[in-house]
Amino acid sequence: EGKKKIPFSNSAPSKAVIFFPPSLSISHPSPSSLYSRSRSSSASMNHPHKNNRGAASRTSFMEFPYVSGPRRELMVELVSTLETRLATHLLPCDLPPDVQYYQNQTGTAQATLHVRSGIQSSPIDFILGSWLHCQLPSGGELNITSLSAYLNLLTDAPNFLFELIQSSPTSMVLILDLPPRKDLVLHPDYLKTFYEDTQLDRHRRLLEKLPEVKPYTSSSLYVCSVVSPTGILVSIEAQAGETERVVEICWGSGWMCVSGEREVKEPERAYLARRDQVSKTKTIEADLGSSLPRLFGQEVADRVIKALEKFYNR
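Here UniProt numbering is used: position 287 in the sequence shown is 287, and no number is missing along the way.
And the structure:
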């Protein structure tokens with residue numbers, strides 16, 4: 001079975017960049033067919049550093065070394081396609097080496113960051129990719145891979161978020177959303193343009209019909225308040241021996257990017273600027289500000305957060 005590609009529009013983004021999923025079509029293939037698609041890479045890419053986890057080597061963001069081969073393929077495909085699609089709009093990543101890759105003193109928690117800003121004329125503010133690996137006291141592992149895109153004041157289109165959270169070999173949380181940048185009650189036209197006319201909710205409803213998929217509710221009320229009404233937040237469970245089914249479902253939920261004209265005028269820009277800044281500040285304070293010190297220690301956390309503030313607070 002061929003790998004499900006993540007298609008992107010061929011036209012270059014102009015006034016706006018809108019991310020949304022293609023038609024969701026997920027069959028129920030047998031476990032053998034799921035494995036045949038990526039058997040060769042799965043064996044070679046599973047934990048390439050497993051025998052040297054404490055090493056302080058600089059691990060590249062695109063290696064995704066602690067996840068399965070199919071999941072690595074998914075993330076590499078998504079990041080590569082997005083960066084290729086937006087190549088003329090993005091500057092190189094200029095994070096310091098000790099922020100691009102960092103770990104705690106014992107090497108039990110490791111992470112990478114990959115941030116690329118948009119050029120001045122682009123509607124892209126920045127894109128941010130990361131992976132995090134942490135050995136749990138129970139003997140298990142926590143692996144998080146994510147990719148997000150933040151837009152600037154040249155457009156009011158939603159941002160983009162894709163995240164996979166895995167703490168068990170047979171289960172994974174998938175978060176896939178276009179977080180709105182306007183209040184949907186005060187701006188019903190925004191709700192219609194980006195969420196109703198694009199029929200995004202249809203994809204979530206189809207996904208939730210699968211027997212392996214159950215709705216996921218974040219423990220953070222803030223997260224619950226900022227996701228869109230069509231956001232996909234689900235827990236995907238698989239039986240032992242069918243773990244590739246989890247990744248197969250994620251492939252079927254791939255998103256694509258198209259362009260559209262969205263001119264933003266004053267005083268809308270002032271409103272967007274205030275709302276965007278509040279959202280970014282909350283991300284630093286509520287998410288990174290609490291989790292990074294706990295996993296990596298205060299010194300490492302301060303270094304990483306200081307580097308990110310350059311992007312979140314401008």
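Every residue, glycine too, gets a C-beta built ideally from N, C-alpha and C.
Q) Which word fits Glu-263, buried or exposed, when buried means at least 16 other C-beta atoms lie within 10 angstroms of its C-beta? A) exposed
Q: Taking 8 Å as the threshold, find out whether the segment 273-284 comes into contact with the segment 86-105 through three or more Cβ pairs.
A: no
Q.
For Arg-71, tell me which candidate among Thr-106, Lys-209, Trp-131, Asn-104 has the shortest Cα-Cα distance.
A. Trp-131
**Q.** Cβ shell of Ala-273 (< 8 Å), same chain only, five flanking positions each side left out
**A.** Leu-153
Q) If you run the structure through DSSP and keep just helix, strand and coil, what is Pro-215? A) strand
Q) By the 10 Å Cβ neighbour count, where 16 or more other Cβ atoms means buried, how is Thr-217 classified, buried or exposed? A) exposed
Q. With which residues is Pro-149 paired in a DSSP beta bridge?
A. Checking the sequence shown, residue 149 turns out to be Ala, not Pro. Paired residue(s): Ile-127, Phe-160.
Q.
Measuring only the C-alpha atoms, how far is Val-304 from Ser-290?
A. 13 Å
Q: Can you give me the Cβ contacts of Gln-298 inside the same chain, cut-off strictly under 7 Å, excluding the 5 residues immediately before and after it?
A: none
Q: Out of Asp-276, Ser-219, Pro-65, Asp-287, state which residue places its alpha-carbon closest to the alpha-carbon of Thr-145.
A: Pro-65
Q | When Asp-201, Leu-186, Glu-196 are compared against Tyr-271, the one with the closest alpha-carbon | A | Leu-186
Q: Within 10 angstroms of the Cβ of Pro-267, are there 16 or more other Cβ atoms? Answer buried if so, exposed if not.
A: exposed
Q: Determine the DSSP secondary structure at His-203, reduced to helix, strand or coil.
A: helix
Q: Decide if Asn-143 is buried, meaning its Cβ has at least 16 other Cβ atoms within 10 Å, or exposed.
A: buried
(Q) Pop quiz: Asp-177 and Val-227 are said to be a contact at Cβ under 8 Å. What is the actual Cβ separation, rounded to whole angstroms? (A) 5 Å
Q) Distance, Cα to Cα, Val-234 vs Glu-212? A) 10 Å
Q.
At the level of alpha carbons, what is the spacing between Ser-167 and Pro-293?
A. 20 Å
Q.
One question on the structure: do Leu-164 and Met-172 come within less than 8 Å of each other, judged by their Cβ atoms?
A. yes
Q: With DSSP as the reference, please indicate the residues paired to Ile-232 in a beta bridge.
A: Leu-176
Q: Go ahead and label Glu-285 buried or exposed: buried means 16 or more other beta carbons lie within 10 angstroms of its beta carbon, across all protein chains shown.
A: exposed
**Q.** Through-space distance from Glu-196 to Ala-157, alpha-carbon basis
**A.** 14 Å
Q. In whole angstroms, what separates the C-alpha of Ser-135 from that of Leu-295?
A. Sequence inspection shows Gln at residue 135; the Ser mentioned does not correspond to that position. Each residue's Cα considered, the two are about 10 Å apart.
Q.
Bridge partners for Leu-118 per DSSP, in chain order?
A. Leu is not the amino acid found at residue 118; the sequence shown has Gly there. Per DSSP, Leu-90.
Q) If we count the other Cβ atoms within 10 Å of its Cβ and call it buried at 16 or more, is Asn-159 buried or exposed? A) buried
Q. Do you know how far the Cα of Leu-151 is from the Cα of Pro-215?
A. 28 Å
Q) Among Ile-127, Asp-189, Leu-308, which residue has its Cα nearest to the Cα of Thr-84? A) Ile-127
Q | Alpha-carbon spacing of Arg-314 relative to Ser-68, whole angstroms | A | 36 Å
Q) Between Leu-86, Leu-91, Ser-117, which lies nearest to Lys-310 when the distance is taken from Cα to Cα? A) Ser-117
**Q.** Reference Leu-210; option with closest CA among Pro-179, Gly-140, Gly-107, Glu-237
**A.** Glu-237
**Q.** DSSP bridge partner residues for Tyr-312 (one or two, in chain order)
**A.** Per DSSP, none; premise fails for Tyr-312.
Q. If you check the beta carbons only, do Leu-191 and Leu-184 fall under 8 Å apart?
A. yes
Q. Grouping DSSP H, G and I as helix and E and B as strand, with all else coil, what is Leu-113?
A. strand
Q. When DSSP labels each residue in this structure, what does Ser-220 get in the three-state scheme?
A. coil
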